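Following the numbering used here, the numbering of the sequence shown begins with 194 at its first residue and continues without gaps. From the three backbone atoms N, C-alpha and C, an ideal C-beta is built for every residue, glycine too. Only a predicted model underlies this, so the values are computations on that prediction, with no experimental measurement involved.
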Amino acid sequence: MKQTYQHISYITDSLIIAEKNGFFGVIDIFENNIVPFTHHQLRYVGKDLFSENTGEENASRIINLKNEIVFESKTFAMTNTRLQEDLLNVRTDFLTQTGFVDLKGNWIIQSEYEMIWNFEWVNNLKPSGD
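1) Taking the Cβ atom as the reference point for each residue, do leucine 296 and leucine 242 lie within a distance shorter than 9 Å?
2) Alanine 211 bridges to which residues according to DSSP?
3) Quick check: leucine 280 and isoleucine 301, are their CB atoms within less than 9 Å of each other?
4) Use the C-beta contact count for glutamate 305: other C-beta atoms within 10 angstroms, 16 or more gives buried, fewer gives exposed.
5) Under the assumption that leucine 235 contacts isoleucine 210 (Cβ atoms under 8 Å), give the Cβ distance between them as a whole number of angstroms.
6) Taking the beta carbon of threonine 197 as the centre, do at least 16 other beta carbons fall within 10 Å, making it buried, or is it exposed?
7) Does the beta-carbon of glycine 239 have 16 or more other beta-carbons within 10 angstroms, so that it is buried, or is it exposed?
8) Pull up the DSSP beta-bridge partners for glycine 292, would you.
9) Under the rule that 16 or more other beta-carbon atoms within 10 Å means buried, what is asparagine 225, buried or exposed?
10) If you draw a straight line from the C-alpha of lysine 259 to the C-alpha of isoleucine 220, how long is it?
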């Protein structure tokens with residue numbers, strides 16, 4: 194029997210983030226559960242890792258495909274972050290300050306800037322008038 198999902202988002206040729214009954218999980222193209230549907234929100238960040246904002250203010254975690262917590266933080270949120278050079282762009286202070294952490298949650302660039310561009314965004318910028 195086919196399952197019903199409220200939302201699906203392809204992340205690779207064989208993996209899909211799906212929402213079922215208000216919770217998010219990861220399935221394969223055959224609808225096998227890979228990550229259980231127990232998450233408030235999941236976003237793919239790269240290298241088979243996912244960010245989840247836990248629903249608490251400035252609380253988030255990174256999980257892997259085994260649903261293991263890679264690291265968890267109560268001090269920052271991850272909004273639309275992508276893994277770049279093994280760093281994650283994170284936001285603090287009610288999303289007004291940004292910085293970078295590594296895959297263990299250690300600060301690499303402290304959260305004291307209004308905006309920091311991810312590396313791929315900077316490479317795609319063109320001078321004004323081009």
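Short version:
1) yes
2) Ile201, Gly218
3) In this structure, leucine 280 sits near isoleucine 301, with a CB-CB distance shorter than 9 Å.
4) exposed
5) The pair is a contact, with the Cβ atoms about 5 Å apart (cut-off 8 Å).
6) exposed
7) exposed
8) Val283
9) exposed
10) 12 Å
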